[in-house]
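Residue numbers (our numbering): 1 to 115.
No residue lacks a Cβ here, since even glycine has one placed at the ideal position from N, Cα and C.
The structure presented is a predicted model; accordingly, all values stated were derived computationally and were not measured.
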């Protein structure tokens, strides 16, 4: 596809990203433009079959709170992702008001650390 220029100029550049392995979780916070209050986390059932088997889907249901997001990890997310994002947007003159969503990949190091 890239050699045959199927994507035109959009195919002139390739971005390689690190593969993250872990458990996905969703984190939400209420934001007033300057402050953020965490809401409950959630996880969805990605695979079509019982026991997390089969192909991925757009979600076969969800549950909340996400057990993988311990109180300690929620604090880390708030202090290292949510609050810096809110402050950064405000500093750039783009205050966000609403529900801020962070799609997270929790790597094994955090799962082990939380136990």
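For residue 104, the uninterrupted beta strand (DSSP E) segment begins and ends at 97–107.
For residue 86, the enclosing alpha helix (DSSP H) covers residues 83–91.
The beta carbon of residue 106 is closer than 8 Å to those of 22, 23, 24, 25, 68, 69, 73 in its chain, skipping five residues each way along the sequence.
When the beta-carbon positions are compared, residue 97 and residue 51 stay at least 8 Å from each other.
Taking C-beta atoms as the reference points, residue 82 and residue 66 fail to come closer than 8 Å.
Only exposed fits residue 75, as fewer than 16 other CB atoms lie within 10 angstroms of its CB.
A straight line joining the alpha-carbon of residue 41 with that of residue 64 spans about 6 Å.
When secondary structure is reduced to three states using DSSP, residue 29 falls in the strand class.
Residue 34 carries a coil assignment under DSSP once its states are collapsed to helix, strand and coil. If you draw a straight line from the Cα of residue 28 to the Cα of residue 99, it comes to about 6 Å.
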